[in-house]
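K.L.:
Have a look at this one.
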Amino acid sequence: DVKVTQSSRYLVKRTGEKVFLECVQDMDHENMFWYRQDPGLGLRLIYFSYDVKMKEKGDIPEGYSVSREKKERFSLILESASTNQTSMYLCASSPGRSSYEKLFFGSGTQLSVL
Amino acid sequence: QKEVEQNSGPLSVPEGAIASLNCTYSDRGSQSFFWYRQYSGKSPELIMFIYSNGDKEDGRFTAQLNKASQYVSLLIRDSQPSDSATYLCAADTGRRALTFGSGTRLQVQP
Numbered sequence: 001d002v003k004v005t006q007s008s009r010y011l012v013k014r015t016g017e018k019v020f021l022e023c024v025q026d027m028d029h030e031n032m033f034w035y036r037q038d039p040g041l042g043l044r045l046i047y048f049s050y051d052v053k054m055k056e057k058g059d060i061p062e063g064y065s066v067s068r069e070k071k072e073r074f075s076l077i078l079e080s081a082s083t084n085q086t087s088m089y090l091c092a093s094s095p096g097r098s099s100y101e102k103l104f105f106g107s108g109t110q111l112s113v114l
Numbered sequence: 115q116k117e118v119e120q121n122s123g124p125l126s127v128p129e130g131a132i133a134s135l136n137c138t139y140s141d142r143g144s145q146s147f148f149w150y151r152q153y154s155g156k157s158p159e160l161i162m163f164i165y166s167n168g169d170k171e172d173g174r175f176t177a178q179l180n181k182a183s184q185y186v187s188l189l190i191r192d193s194q195p196s197d198s199a200t201y202l203c204a205a206d207t208g209r210r211a212l213t214f215g216s217g218t219r220l221q222v223q224p
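Heads up: the sequence lines are chains A and B, in that order.
For what it's worth, our numbering labels the leading residue of the first sequence as 1, then goes sequentially.
For what it's worth, our numbering labels the leading residue of the second sequence as 115, then goes sequentially.
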């Protein structure tokens, strides 16, 4: 069974903290993605990666960075958390070049920045 | 301008009726389109995709694509209360990642 695991379901951090959100997939997928979901705004793409050590900016990369040192793991980093980064963060993966659009999502991390 | 637009709803239909969900997109280069369903508190899951103009049917679901009008729709026949969810339209805009709309919340009344 396909599995995308996000390390935390709920996370509370303080303004200015460095925050790591971890995502692991066990399906040997090429592509991995980070989205954030806010009411009324839908899913917005932060960063994605189609290979180890490769990363591409999405629509809202400001304030975020990512790391993909191993194929199965894609980390989202908030260098200095701010209150406007309070959101639901969804990690997703997809198999390969010809089927990147079929996304498998993790269960999400609800991040609150106080 | 947002690339993929949806009416946020809620769209309310009685049980057994046809629910019609609509989506427009701005990038004429978009080639393929996807419908994801998201239940409250859960993650999105893919239910339909369509590449060619016309209709594509899968059980109670029909996806419709009109590239000239830049319009995508999802019809759900014989709607059930279990269909109550948010439906997200997404487009492949050629960058190896999907662009999502903001979603339409569907409520099916028993």
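All residues carry an ideal CB built from backbone N, CA and C; glycine is no exception.
When burial is assigned at 16 or more other CB atoms within 10 Å of the CB, is residue 153 of chain B buried or exposed?
P.N.:
On the second sequence, position 39 is the one that residue 153 of chain B refers to. Residue 153 of chain B comes out exposed.
K.L.:
Below 8 Å CB to CB, which residues in the same chain sit around residue 102 of chain A once its five sequence neighbours on both sides are set aside?
P.N.:
To locate residue 102 of chain A, count along the first sequence from 1; it is residue 102. Here the set comprises 94, 95.
K.L.:
How about residue 102 of chain A: is its C-beta nearer than 9 Å to some C-beta of chain B?
P.N.:
Within the first sequence, numbered from 1, the residue matching residue 102 of chain A stands at position 102. So, interface residue.
K.L.:
Would you give the residue range spanned by the beta strand (DSSP E) that residue 218 of chain B belongs to?
P.N.:
One-based indexing of the second sequence puts residue 218 of chain B at position 104. That run of the beta strand (DSSP E) goes 218-223.
K.L.:
Using the Cα positions of residue 137 of chain B and residue 41 of chain A, report the straight-line distance between them to the nearest angstrom.
P.N.:
The residue given as residue 137 of chain B occupies position 23 in the second sequence. The residue given as residue 41 of chain A occupies position 41 in the first sequence. Distance between the alpha carbons of residue 137 of chain B and residue 41 of chain A is about 14 Å.
K.L.:
Flag this pair as yes or no: are the beta carbons of residue 22 of chain A and residue 68 of chain A separated by less than 9 Å?
P.N.:
Reading the first sequence from its first residue, position 22 is the one you call residue 22 of chain A. Reading the first sequence from its first residue, position 68 is the one you call residue 68 of chain A. Going by C-beta atoms, residue 22 of chain A is not nearer than 9 Å to residue 68 of chain A.
K.L.:
Quick check on the DSSP output: what are the complete alpha helix (DSSP H) runs of length 4 or more inside the stretch 137-211 of chain B, in order along the chain?
P.N.:
Whole alpha helix (DSSP H) segments, 4+ residues: zero.
K.L.:
Look at the alpha carbon of residue 175 of chain B and the alpha carbon of residue 120 of chain B, and state the distance between them as a whole number of angstroms.
P.N.:
The residue labelled residue 175 of chain B in the question sits at position 61 within the second sequence. The residue labelled residue 120 of chain B in the question sits at position 6 within the second sequence. The alpha-carbon atoms of residue 175 of chain B and residue 120 of chain B are separated by roughly 18 Å.
K.L.:
Got a sec: which bits of the stretch 157-173 of chain B sit with their beta carbon under 9 Å from any beta carbon on chain A, in order along the chain?
P.N.:
So the close ones are 157, 158, 159, 160, 163.
K.L.:
According to the Cβ coordinates, are residue 135 of chain B and residue 220 of chain B closer than 9 Å?
P.N.:
Residue numbering aside, residue 135 of chain B sits at position 21 when the second sequence is read from its first letter. Residue numbering aside, residue 220 of chain B sits at position 106 when the second sequence is read from its first letter. Yes. Within cutoff.
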